[in-house]
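S.K.: Below is a structure I'd like to ask you about.
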Amino acid sequence: MHTVTENTQRFSSSPATVESFTSEFVRQLRYEQGVDLGFASSDDLYQALARTVRRYMIDNWLDTLSTQTAKGAKAVAYLSAEYLMGPQLPNALLATGLAEVARDSLAALGLDLDEIGATEVEPGLGNGGLGRLAACFIDSLATMDIPAVGYGIRYEYGIFRQTFVDGRQAEQPDPWLSKGSPWEFAHPDMAVEVGFHGHTERYTDAAGVERTRWVRGDCVLAVPYNYMVPGYGTKNVNTLRLWSAKATNAFDLQIFNAGDYEAAVRAQTVAENISKVIYPEDSTPQGKELRLKQQYFFVAASLADFINQTLPQGFDLTKIHERVTFQLNDTHPVIAIPELMRILVDERGIDWATAWDVTRKTFNYTCHTLLPEALEVWSVELLGRLLPRHLEIIFQINEEFLAEVRKAYPGDELRARRMSIIQEQPERAVRMAFLASIGSSKINGVAELHSQLLRDKVLNDFSELWPSKFTNVTNGVTPRRFLALSNPGLANLITEAIGEGWVKDLERLRELEPFAEDASFRSEFRAVKAANKERFVELIAQRDGIELPADAMYDVMVKRLHEYKRQMLKLLHVVTLYDRVLRGELRASDITPRVVTFGAKAAPGYKMAKEIIALINAVAKVVNHAPELQGRLQIAFPANYNVTLAEKLIPAADLSEQISLAGKEASGTGNMKFALNGALTIGTLDGANVEIYDLVGDEHFFLFGLTEPQVADVVDAGYKPGAYYEGNRSLKGAIDLIASGAFSNGDRNAFEFVLSDLLGKDRFLVLADYQAYVDAQDKVEVAYADQEAWSRSAILNVARTGFFSSDRSIQDYLDRIWHAKPQPVR
Ligand code: 26V
């Protein structure tokens, strides 16, 4: 059988054989690590294996670098505070086509590839969707031969590890680098100085021109660490460059000069704290100084790096937009806009108007949210203290911008105030999304509906002023990691049916449509799904000690815990089923056996989210032990959902829960991964669900809930959740059961915090959508009973969601925003 993961085409410049691979592996272990094979720990073996695989990528990587610099082609620089990469070894094996060679080579030494691979700690340098999207995008850019670099932060601690203590979330640090990373190349020689604090001064230069300089108060070193980003089926290997903060030698000097050793070391700690830990908040910015430091730190280092290392010496910076486009992944890197202005005007002496014109041509901005509370603002006080020159530049940008607004809308002072980069209340603060919008060529949302709502609501004033600045690029996911690697069974089935072209051209999945009508294909498809469930059941038994049946419907909701995503709605459905059984309204034997799986981290300071986690675990404890429900309904909530777990769970899913309140989820990308792996979606018309629904068709999607305009109407009319509770017996039953203490050993107050909010405010209309959701779940039950029809729908979901490849997203960015071209490595 021909497997995709074999990737028999090899793009390595030094073709590997089992013999050469083995000798390189042994050499690594022995002569680089100083370890005898007989005494090697599993981590020793992993390090040696990773370094062996890496060795087969390096020539292509270096060839890529020289090709890209020689041609002087336009590059894409992706600026992102997060990259949620997932395990590196399997992806490197897939890209290099070395999987089978590695497996055979290790087997000959009596070792097992999967066992060694399992010791990899994934780099969790992201919170959720935004960080994972960045990882998918750099994979696609590499695969499509686009000269591109990803810039970000090498956090020493990734997203926290979640555990449950008495059902409540506890956070542990994630020291992912404690054993070193075999995938990184440190370049202390290429470190960049980044300044903070200080003050600004005016002076007259030699030519008699009035200029400003920023006298920095202190500075840190940004040390780059390079990671290879191998394209699939190409020699192209791009670079991810992550910055690590290091104290400058100035600290050593201070030690000697001031004689205050402790203070000097403390100062060093302060400097190196900048890249210490990723902020685990993923929607409510806290306005913390360290976070702004992180943002400026990586952005200043990245601009300096691109200008001084990538562009040729003496390059005329008024043409920088011809050589690079900086993509701003949300507002986190937006301080890059005043930073480029500072470089052009203060350091290079370019006049303001030219500099501003060039800057706006160089940046583009992607917005990833719709929640007003998620829009970043930085207090003028903090920004002015940390980056005094940047604040001046922002004020000047704002002054000129407001003049433009007043010219376009004479007398409309209200509009000018609304559009100002500076917000006055509750405190004077810089609105980063506005600065991004003003300083960029293009602004895009991440799904059709989201982009529409940006135009019509969040950034409406800006879209009226500059309609052509706004565009959409619907998100996508990489089919390499989320199909070829994570679901080898399905990948092989697809390849047998239509060939392997889909891996780089996902629209070709359309060719699967006729196979949905083929009973023997459907049965093979079901066999793959069943095997994936077995694999997941085994993993979860090992990883979490949770015993699950493999022959059940896998109903899955995995994503960050947020009220707007409505994990509560899913939970109320489960409680409703239990309540109906307890009341004798429903026979347990009539329930299709179901495993309801949750995976969700809550921001550590997000009280409501943490209470909901506790409630899910409390309900799970009771439901999973209720004699009535044995073999019928079970909740699985494995802790610490991450990319590694996603890759095992998504291929096992039958039902994908995408139930956010319409108008709140910008896009979602999990929704795409599930559909692509043959799960049917139960979902609202929100984010990219809308596009999934349009593509797969109404018969193959369980649509429910208010639409975005209906939500607006309900809210405008004065939403009263209590009325839904009073008016709906089964809803009242479910909520009353929770309130009765049935899930809290009789404690009636245990979940007061959650319930009183639901009944009083319910900002995200859980109760308003409850009945529609329960009805849709009833349709799921009926549909699942007909396995032939279900698998037909599932196959059509796979066949019709090729659109959601991140390769397509990148092509859209290229066509609509970046205008960069492939530079294949020969
Ligand atoms: C925001 C913040 C706020 C300050 C502290 C750190 C931090 C870190 C991340 C974020 C990003 C929140 C926005 C976000 O993740 N949006 C998600 O982006 C996905 C990719 O476009 C999209 O699929 C999701 O719908 C959207 O919620």
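Each residue of the sequence shown is one higher than the one before, counting from 1 in the UniProt record's numbering. We put the CB at the ideal spot given by N, CA and C, even for glycine.
Checking the sheet assignment: what are the DSSP bridge partners for ASP555?
M.R.: VAL596 and LEU655
S.K.: Nearest-angstrom Cα distance between VAL690 and ARG348?
M.R.: 48 Å
S.K.: Where does CYS367 fall in DSSP's three states?
M.R.: coil
S.K.: Taking 7 Å as the cut-off, is the beta-carbon of GLY314 closer than that to any non-hydrogen atom of the ligand 26V?
M.R.: no
S.K.: Leaving out five residues before and five after ALA408 in sequence, what residues of the same chain have Cβ atoms less than 7 Å from its Cβ?
M.R.: LEU465
S.K.: Assign SER805 to one of two classes, buried (16 or more other C-beta atoms within 10 Å of its C-beta) or exposed (fewer than that).
M.R.: Burial state of SER805 is buried, judged by a 10 Å Cβ sphere holding 16 or more other Cβ atoms.
S.K.: Starting from the N-terminal end, write out each residue whose C-beta falls within a distance shorter than 7 Å of any non-hydrogen atom of the ligand 26V.
M.R.: ALA81, GLU82, ASN127, GLY128, GLY129, LEU130, LEU133, TYR279, GLU281, ASP282, SER283, THR284, PRO285, GLN286, ARG291, ASP330, HIS332, HIS368, THR369, ALA374, GLU376, VAL446, ASN475, GLU665, ALA666, SER667, GLY668, THR669 and GLY687
S.K.: Could you name each continuous beta strand (DSSP E) segment of 3 residues or more that falls completely within the region 265-342, going from the start of the chain to the end?
M.R.: 324-329
S.K.: ILE591 by DSSP, collapsed to three states: which one?
M.R.: coil
S.K.: In this structure, does DSSP put VAL780 in helix, strand or coil?
M.R.: helix
S.K.: Looking only at its chain, what residues have a beta carbon closer than 6 Å to the beta carbon of ALA772, apart from the 5 residues adjacent to it on each side?
M.R.: Within the same chain, ALA772 has close Cβ partners PHE704 and GLY705.
S.K.: Assign ALA516 to one of three DSSP states: helix, strand, or coil.
M.R.: helix
S.K.: How about PHE363 and GLY439: are their beta carbons less than 8 Å apart?
M.R.: Contact: yes.
S.K.: Using a threshold of 8 Å, state whether the C-beta atoms of PRO333 and ILE393 are closer than that.
M.R.: No.
S.K.: Which ranges does the beta strand (DSSP E) cover as unbroken runs of at least 3 residues, wholly within the region 677-729, from first to last along the chain?
M.R.: 680-683
S.K.: Just to confirm my understanding: we take SER66, look at its own chain, exclude 5 residues before and 5 after, and list those with CB closer than 8 Å. What are they?
M.R.: Counting only Cβ-Cβ distances below 8 Å, and skipping sequence neighbours, we find nothing.
S.K.: Kindly give me the distance between the Cβ atoms of THR239 and VAL149, rounded to whole angstroms, as I take these residues to be in contact under 8 Å.
M.R.: Contact between THR239 and VAL149 holds: their C-beta atoms lie close to 5 Å from each other, under 8 Å.
S.K.: Give the straight-line distance between the Cα atoms of MET553 and LYS533, rounded to the nearest whole angstrom.
M.R.: 10 Å
S.K.: Between GLY124 and the rest of its own chain, which residues show a CB-CB distance below 7 Å, the 5 nearest in sequence each way excluded?
M.R.: Within the same chain, GLY124 has close Cβ partners LEU84, GLY158, ILE159, ASP174, TRP176 and ASN642.
S.K.: Going by CA-CA distance only, name the one from PRO721, THR369 and SER486 that's closest to GLY86.
M.R.: Closest by alpha carbon: SER486.
S.K.: Rounded C-beta distance between ARG378 and GLY287? I'm assuming under 8 Å.
M.R.: Checking the sequence, you will find Trp at residue 378 rather than Arg. So it is a contact: roughly 7 Å between Cβ atoms.
S.K.: With DSSP run on the structure shown, which of helix, strand or coil describes SER805?
M.R.: strand
S.K.: Under the three-state reduction of DSSP, which class applies to ALA603: helix, strand or coil?
M.R.: coil
S.K.: Starting from GLY445, trace the beta strand (DSSP E) in both directions and tell me its first and last residue.
M.R.: 443-445 is the extent of the beta strand (DSSP E) around GLY445.
S.K.: Please check the pair ARG594 and LEU633, which I expect to be a contact at CB under 8 Å, by giving their CB distance rounded to whole angstroms.
M.R.: 6 Å
S.K.: Is TRP214 helix, strand or coil by DSSP?
M.R.: strand
S.K.: Assuming ASN677 and ILE650 form a contact by the criterion Cβ under 8 Å, report the distance between their Cβ atoms to the nearest whole angstrom.
M.R.: 5 Å
S.K.: Using CA coordinates, which residue listed in ALA118, ASN617 and ALA789 is at the minimum distance from GLY167?
M.R.: ASN617
S.K.: What are the start and end residues of the beta strand (DSSP E) that includes TRP352?
M.R.: TRP352 -> not in any beta strand (DSSP E); alpha helix (DSSP H) instead, spanning 352-362.
S.K.: Does DSSP put THR200 in a helix, a strand or coil?
M.R.: strand
S.K.: Need the endpoints of the beta strand (DSSP E) that THR576 sits in, please.
M.R.: THR576 -> not in any beta strand (DSSP E); alpha helix (DSSP H) instead, spanning 567-582.
S.K.: Which parts of the region 127-203 are runs of the beta strand (DSSP E), unbroken and 3 residues or longer, counting only runs that do not cross its ends?
M.R.: 148-153, 161-165, 168-172, 184-186 and 192-196
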